[in-house]
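In the numbering used here, the protein residues as written are 2 to 270.
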């Protein structure tokens, strides 16, 4: 694990967008969605592609949780080793807050993956919004923490990169939510067959805003993947040791003494 730790961000960076590309191709081949820029959620709505969609995002969420833990511990070690807490006492709290937002984002991603938009729309939509919003907060807080521990792990360039990625996530999250909400409102209020939402064609109301929301979603996915990739330069300087397992043996039962047995037998009789 010590030698392979830095490959985890690479795996996540590749697996995250690859999941959506594969499910998109699969959904188009099965004629489950309109080919031109459907929402990511639409490509993972119907089986069999929805099964792959859920499975891959579940695995990705698990790897993300592990990466969050490593990043959290990394910041703690640097803060203590370099006595940064003395000059910036708020940094441990900031690190904990960032980790909490990251945990919530991972749970929300898992919810989004397992509650398809065509089955439980409200839960899926709420999960996606929470995931993107918490991810934006997490990335921005990580940019601040990266700045606080410069130059012990990264340079100021990494601070700028993570800050820009965080700003991009904020912009495209807001754009995606606003445009998708308006598009759905226009589509729902029109006298059309609402079952066509997965086949949202240019002749249907709200199509342009729908495509805009889809573009924002795809850019969001790429941006989040790039942020995870930025952890590669942190993790390659970190090694893990196997956890120590301590077993506490249960106390052996004391043998029954003859005197005690006789007393017990006398009481029973």
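Ideal Cβ placement from N, Cα and C applies to all residues, glycine included. Just so we're clear, the structure is a prediction, and the values are computed from it rather than from any experiment.
Rounded distance between the beta-carbons of residue j and residue i, thought under 8 Å
i           : j           : result
residue 6   : residue 241 : 6 Å
residue 134 : residue 125 : In fact, because the Cβ distance is near 15 Å, the residues do not count as touching under 8 Å.
residue 10  : residue 229 : 5 Å
residue 146 : residue 96  : 6 Å
residue 64  : residue 12  : 7 Å
residue 173 : residue 217 : 5 Å
residue 188 : residue 198 : 7 Å
residue 17  : residue 61  : 6 Å
residue 170 : residue 221 : 6 Å
Alpha helix (DSSP H) segment containing residue i, residue limits
i           : result
residue 164 : 157-190
residue 32  : From DSSP, residue 32 is part of no alpha helix (DSSP H); its letter is neither H nor E.
residue 143 : 122-149
residue 233 : 233-236
residue 103 : 92-115
residue 86  : 85-88
Cβ-based neighbour list, residue i, same chain, cut-off 8 Å, excluding 5 preceding and 5 following
i           : result
residue 104 : 66 and 69
residue 48  : none
residue 86  : 80, 92 and 93
residue 204 : none
Sequence-distant residues of the same chain with beta carbon closer than 7 Å to residue i, five excluded per side
i           : result
residue 184 : 207, 210, 211 and 214
residue 19  : none
residue 131 : 105 and 109
residue 36  : 29
residue 232 : 10, 68 and 72
residue 160 : 144, 147, 148 and 151
Cβ shell of residue i (< 6 Å), same chain only, five flanking positions each side left out
i           : result
residue 42  : 118
residue 45  : 24, 51 and 54
residue 138 : 102
residue 150 : 79
residue 112 : 128
residue 31  : none
residue 154 : 235
residue 269 : Because the pLDDT of residue 269 is 45, which lies under 50, any placement of that residue in the model is unreliable, and the question is left without a value.
residue 202 : 35
residue 107 : 62, 65 and 66
residue 27  : 50
residue 181 : 214
residue 142 : 99
residue 15  : none
inquiry  = Can you confirm whether the stretch 208-228 touches the stretch 160-172 when touching is taken to mean that 3 or more C-beta pairs between the two stretches lie within less than 8 Å?
reply    = yes
request  = Answer yes if the stretch 195-210 comes into contact with the stretch 229-249, meaning at least three C-beta pairs across the two stretches below 8 Å, and no otherwise.
outcome  = no
request  = For the stretch 39-78, list the alpha helix (DSSP H) runs that are entirely contained and at least 4 residues long, ordered along the chain.
outcome  = 41-44
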